[in-house]
Every structure is written in structure tokens, then in C-alpha cells.
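The structure appears right after this line, and notes come after that.
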Amino acid sequence: MNPVVGLDVAKGESQVQMFLDKKMPYKSSVKIKHTVGGLEELHSYLLDLERQTGLKPPVVLESTGHYHAPIVQFLEAREYIVIIVNPLVSYRAKSSSLRKTKTDVIDAYHLGELYYKEDLEPQKKRGIQLLNLRHLTRQHENMTGIMVQTKLQFQAVLDQVFPEYKGVFGDLYAEISLRTLQSYPTSELVLDAGVEEIAQFIDKHCKARSFNWTHERAEVLIVAAERNPFRSTLYQSLLVSLNMYIDLLQAYRQQLSTLEREIDQLAAQLEEYELIQSLPGVGEKIAATILSEIGEIERFNHPKKLVAFAGLDPSVFESGRFKGTKNHITKRGSARLRHMLYTAVRCSIRDSRKKKTTDETIARNKRLRAFYDLKREEGKPYKVAIIACANKLLHWIYAILKTKAPFQETI
1 MNPVVGLDVA KGESQVQMFL DKKMPYKSSV KIKHTVGGLE ELHSYLLDLE
51 RQTGLKPPVV LESTGHYHAP IVQFLEAREY IVIIVNPLVS YRAKSSSLRK
101 TKTDVIDAYH LGELYYKEDL EPQKKRGIQL LNLRHLTRQH ENMTGIMVQT
151 KLQFQAVLDQ VFPEYKGVFG DLYAEISLRT LQSYPTSELV LDAGVEEIAQ
201 FIDKHCKARS FNWTHERAEV LIVAAERNPF RSTLYQSLLV SLNMYIDLLQ
251 AYRQQLSTLE REIDQLAAQL EEYELIQSLP GVGEKIAATI LSEIGEIERF
301 NHPKKLVAFA GLDPSVFESG RFKGTKNHIT KRGSARLRHM LYTAVRCSIR
351 DSRKKKTTDE TIARNKRLRA FYDLKREEGK PYKVAIIACA NKLLHWIYAI
401 LKTKAPFQET I
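At position 222 of the sequence shown the residue is numbered 222 (this note's numbering), and the sequence of numbers has no breaks.
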């Protein structure tokens, strides 16, 4: 006997199909809820199958984002082997049938059959720290995206109220800049207040600067107000929107600071965090995201498997005597990991100097820059060379995590 259980996971419920052996389904397929009662019901089915076969059955299910999390946690606590299948693998298996049908019952059945057809590896437990780090870095990425959209909407409103305000402060989104704009959102309010009142306001809310600097900013603001095409706004709704967006930007900044602090504290507890940062051009945020997306390096027994996980492996197309020459990367792995590697490469090959005195490029990562230059000399387009560098960088990361030794830059 070689029992297995196939689970088709959906939001809040799963379809269960048990097998005694290959092509030997056990009992009818049943549906269970993702509640305490439903999970206990699933456990009773597993115990029944175990009594029939004398073996503890593994459980096969698709990766479904976070929907499968309660089942995996429940089964791992009871020491069941859990096999989480990439949806692309299970879809390929389902597509082999001539009949085009899709139901939860059929999907659960196919997952059970897949266990006998494929050499599937059990899910290895990721450390709690790595999972927490992944959740935090993904939340930071989502929050950053929301903040970028809010900034665009804020600028659209500012262009209709006080377009000349841009440039008054070095950073439009600095706290003192937003505070000043919130208190003096129109040219009329700025001119009525005058230089001295505005200078005192800036000085009160920006203690780190000298009064001369605050006075200078106030004068620049007065000039901007005199130059502004809108003396006052006819639409009160624009002022309401402007004030709302400023409040949102300040709140988002505070939340991002909280997330960054939590990420730093959590990542600092991991030895690999410092090791990855030994790569020139890989900073704290990039290192934390890469580490959290890779998880436990023991899941990969070869660097090419890690490359495939990142979706950086080239697609291959051959048929008969035809062999494709323009092959794109598969992009079938972790998009976040791929994006961070792309960013890391660009940071690594960039000139490390603030001011250029010669035409010579002094890159942060000289080895990676030399490899990039080689690819460009071979005639490779910019993005092709960058992806080749990302592939090499990931091989280095694999070696660092496997050997637990820092990167050595010798060129």
C-alpha cells in the first residue's frame, strides 16, 4: 500500500480525495471547512486511511497564496508529510486528459494521481523568523506602492492649487515641507502671513535648522507665491483633497518607518542577513527581501534550481530541426525575488563615486561590472546583460548561503 490524500484548496474550504494506492481511490471525495471542526473532520479521514493501510499518508495540495496556511499548520502540528505543488505542475498534469472538465472533485483526484506520477518533494518547514521577515518585506513593498500612487494624486491636486510650491524645499515630501503647505496651501495665505510669520512657523517645526535657513525658506516661499498663477482657489474641494493627501503621506511614512524598524530588528537575528550584505551593492532592504523570498537554502540542492525559482532561467523552444534562438526568461518563479535581484545588479554595477573626476567607472561590485561589460562587448542588449548579471549574482548568493562564508571580491 502507498496511500496519499489529494486536497484541492479554496478560500475557507477544501475538497478531499483519499487513495489506498495508485488508481485505488478510497471512499468518495468530501468537502471540509477551514474551521476547527472541519480540520478535525479531515484528521478523522486521515486516521481512517492510516488504519486501512498501516501507513501515515502524505497530503498533496497546490500552493494557493495564504488559503492553504491553516491546513498546512494543522497537518504539520500532527507530523503529517505535506507536499505543496506548484500550480503550473498540477495544471500540466490536468491538461494531459482529453476531457476538458474542471471541478473541485476532479482537481483533488488529479492531485492524488500526481503523487504517483511525479517525484514530488515534501514541503520543508521554513523558520518562523524567515516567514515573519517575508510578510514584513512584502507589506513594506505594498505600502511603498500605495505611497507612490498617493504622491502622484497629491501632485495632481498641487498643480491645481499651488504649482510653484515645488522647489521651495529641497524635498517636497519632507515633513517640514508638508507641514508648511498644510498651513499655507494658497498664495493668498502665504502673502497675507508674510516672511516673519512663516519663518517663525518653519523654525518652530524644524529645530534642526538655523533661523537663517528658515528665514531663507520663507523668502523663497513668498517669491513662489507671487509667481504662482493661482492667487486663491475657487474650488474648496481641492484644498480638502490636498489636506487629506498630506495626512495620508504622513501616516504612510510613519507606517513605513515602523515596518523598516521591525524588518531591521528581525533580520539582524539571522546570520545570513550580514552574509548577503557582504556583496557590494546589496543593502539592508535588498538583503532582507532576498533572504525572505529564498527562505531556507536547503530547499535547493543546486544553484540552477534557485535560478528557476527566481524565474531567471531561459525558456527553451525546439521542434524537429527548429531551435529557437530568441528565448526569454521563464518568469515563473518569485517575482519579488527577481525584482530585488534586478535592483541589486543595477546598484552593484553603478559608479560608486558621487562626483566623477575621470571617465573611469569605479563600480561598487567590480567583478559584476566586469562581467556586465563583457556581455555588452559581446553585443548583448542592456536588459539581457542585466539578467545575465542577476543570474550570476544569484549563483554567488547560493554559494554564500550554502557555505556561510562572506563574498570575496578579487579582480
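For every residue, glycine included, the Cβ atom is placed at its ideal position computed from N, Cα and C.
Just the Cα atoms here: how many angstroms apart are residue 385 and residue 377? Position 385 of the sequence shown, counted from the start, is the residue given in the question as residue 385. Position 377 of the sequence shown, counted from the start, is the residue given in the question as residue 377. Cα to Cα, residue 385 sits roughly 10 Å from residue 377.
For residue 362 versus residue 351, is the C-beta distance shorter than 8 Å? Reading the sequence shown from its first residue, position 362 is the one you call residue 362. Reading the sequence shown from its first residue, position 351 is the one you call residue 351. Closer than 8 Å, so yes.
Selected residue, minimal CA-CA separation from residue 233, among 208, 290, 293 and 161: Indexing the sequence shown from 1 puts residue 233 at position 233. The residue with the shortest Cα to Cα distance from residue 233 is 161.
State the DSSP-derived secondary structure class of residue 338, mapped to helix, strand or coil. The count along the sequence shown starts at 1 and reaches residue 338 at position 338. Three-state result, residue 338: helix.
Helix, strand or coil for residue 355? Go by DSSP, reduced to three states. Against the sequence shown, residue 355 aligns to sequence position 355. Note: residue 355 maps to coil in three-state DSSP.
Could you tell me whether the segment 140-150 touches the segment 208-218, where touching means 3 or more Cβ pairs closer than 8 Å? With the cut-off at 8 Å, the segment 140-150 and the segment 208-218 do not touch.
Separation of residue 26 from residue 51, as counted between CA atoms: Residue 51 sits at position 51 when you count from the first residue of the sequence shown. Residue 26 sits at position 26 when you count from the first residue of the sequence shown. When rounded, the distance between both Cα atoms is 12 Å.
Mapping the DSSP letters down to three states, classify residue 408 as helix, strand or coil. If you number the sequence shown from 1, residue 408 lands on position 408. Here residue 408 sits in coil by DSSP.
Quick check on DSSP: helix, strand or coil for residue 319? Taking the sequence shown and counting its residues from 1, the one referred to as residue 319 is at position 319. With a pLDDT of only 49 at residue 319, under 50, the local geometry of the prediction cannot be trusted, and no value is derived from it.
CB of residue 157 within 8 Å of CB of residue 248, strictly: The residue you call residue 157 lines up with position 157 of the sequence shown. The residue you call residue 248 lines up with position 248 of the sequence shown. Taking a C-beta distance under 8 Å as the contact criterion, residue 157 and residue 248 do not qualify as a contact pair.
Hey, residue 61 and residue 81 are a contact pair by Cβ (cut 8 Å); roughly how many whole angstroms apart? Taking the sequence shown and counting its residues from 1, the one referred to as residue 61 is at position 61. Taking the sequence shown and counting its residues from 1, the one referred to as residue 81 is at position 81. Going by Cβ atoms, the distance from residue 61 to residue 81 rounds to 12 Å, so no, they are not a contact pair.
Inspect the beta-carbon positions of residue 9 and residue 68 and report whether they are closer than 8 Å. In the sequence shown, counting from the first residue as 1, residue 9 sits at position 9. In the sequence shown, counting from the first residue as 1, residue 68 sits at position 68. When the beta-carbon positions are compared, residue 9 and residue 68 come within less than 8 Å of each other.
Taking DSSP as the reference, what is the three-state secondary structure of residue 15? Position 15 of the sequence shown holds residue 15. In the three-state reduction of the DSSP assignment, residue 15 falls in the strand class.
Could you have a look at residue 416 and say whether DSSP puts it in helix, strand or coil? The chain is shown from 1 up to 411; residue 416 falls before or after that span and cannot be answered.
What is the DSSP secondary structure of residue 21, reduced to helix, strand or coil? Start at 1 with the first residue of the sequence shown, and residue 21 comes out as number 21. Residue 21 falls in the strand class under three-state DSSP.
Minimum C-alpha distance to residue 223 - residue among 406, 42, 39 and 164: If you number the sequence shown from 1, residue 223 lands on position 223. With distances taken between Cα atoms, residue 223 lies closest to 164.
To which residues of the same chain is residue 300 closer than 6 Å at the C-beta, ignoring the five residues directly before and after it? Along the sequence shown, read from residue 1 onward, the residue named residue 300 stands at position 300. Answer for residue 300: 306, listed in chain order.
The segment 197-209 contacting the segment 128-137, beta-carbon criterion three pairs below 8 Å: No: the two stretches stay apart, fewer than three of their Cβ pairs being nearer than 8 Å.
C-alpha distance - residue 383 paired with residue 153, whole-angstrom precision: For the purposes of this step, residue 383 is taken as the residue at position 383 of the sequence shown. For the purposes of this step, residue 153 is taken as the residue at position 153 of the sequence shown. CA-to-CA, the gap between residue 383 and residue 153 works out to about 31 Å.
Output the distance between the C-alpha atoms of residue 53 and residue 368, rounded to the nearest integer angstrom. Position 53 of the sequence shown, counted from the start, is the residue given in the question as residue 53. Position 368 of the sequence shown, counted from the start, is the residue given in the question as residue 368. If I take the Cα positions, the gap works out to 55 Å.
DSSP three-state label for residue 8, please. Locating residue 8 in the sequence shown gives position 8, counting from the first residue. Strand at residue 8.
How would you write the range of the alpha helix (DSSP H) that residue 55 sits in, first residue to last? Translated into the one-based positions of the sequence shown, residue 55 becomes position 55. It is not in any alpha helix (DSSP H) - residue 55 carries neither H nor E in the DSSP assignment.
Report the rounded CA-to-CA distance for residue 18 versus residue 338, giving the unit in angstroms. As a first step, residue 18 is located in the sequence shown; it is residue number 18 there, counting from the start. As a first step, residue 338 is located in the sequence shown; it is residue number 338 there, counting from the start. Residue 18 and residue 338: Cα-Cα distance of roughly 37 Å.
Thinking just about the alpha-carbon of each residue, which of 185, 366 and 312 is nearest to the one in residue 237? Numbered from its first residue, the sequence shown carries residue 237 at position 237. Out of 185, 366 and 312, 185 has the C-alpha closest to the C-alpha of residue 237.
Residue(s) in a DSSP beta bridge with residue 174: Stepping through the sequence shown from its first residue, residue 174 is reached at position 174. Among the bridge pairs identified by DSSP, residue 174 is matched with none.
Whole angstroms is fine: what's the gap from residue 274's alpha carbon to residue 253's? Locating residue 274 in the sequence shown gives position 274, counting from the first residue. Locating residue 253 in the sequence shown gives position 253, counting from the first residue. Taking the straight line from one Cα to the other gives about 26 Å.
Segment limits, alpha helix (DSSP H) that includes residue 128: Mapped onto the sequence shown, residue 128 falls at position 128. It spans 128-161 - the alpha helix (DSSP H) in which residue 128 sits, taken as one unbroken run.
Residue 30, DSSP secondary structure in three states: Position 30 of the sequence shown, counted from the start, is the residue given in the question as residue 30. In the structure shown, residue 30 sits in a strand (DSSP, three-state: E or B).
For residue 87, the three-state DSSP class (helix, strand or coil): By one-based count along the sequence shown, residue 87 stands at place 87. In this structure, residue 87 counts as helix in the three-state DSSP scheme.
In angstroms, rounded to a whole number, what distance separates the CA positions of residue 387 and residue 312? What you label residue 387 is simply residue 387 of the sequence shown in a count that begins at 1. What you label residue 312 is simply residue 312 of the sequence shown in a count that begins at 1. Looking at the two C-alpha atoms, the distance is approximately 7 Å.
For the ligand ZN, I want to know if residue 8 counts as a neighbour, meaning its beta carbon is within less than 7 Å of at least one of the ligand's heavy atoms. The ligand ZN is absent from the structure shown, which contains no ligand whatsoever.
Could you check which residue in 194, 145 and 141 has the C-alpha nearest to that of residue 286? On the sequence shown, residue 286 is found 286 positions in, with the first residue counted as 1. For residue 286, the closest of 194, 145 and 141 by C-alpha to C-alpha distance is 141.
Alpha carbon of residue 220 to alpha carbon of residue 194, nearest angstrom: Reading the sequence shown from its first residue, position 220 is the one you call residue 220. Reading the sequence shown from its first residue, position 194 is the one you call residue 194. Roughly 11 Å separates the two Cα atoms.
Using only alpha-carbon positions, find the residue among 304, 272 and 365 that is nearest to residue 291. Along the sequence shown, read from residue 1 onward, the residue named residue 291 stands at position 291. Checking every option, the nearest Cα to that of residue 291 belongs to 272.
Taking its Cβ as the centre, do 16 or more other Cβ atoms sit within 10 Å of residue 171, making it buried, or is it exposed? Position 171 of the sequence shown, counting from 1, holds the residue named residue 171. It counts as exposed.
Counting along the chain, where does the alpha helix (DSSP H) carrying residue 243 start and finish? Mapped onto the sequence shown, residue 243 falls at position 243. Per DSSP, residue 243 belongs to the alpha helix (DSSP H) from 236-267.
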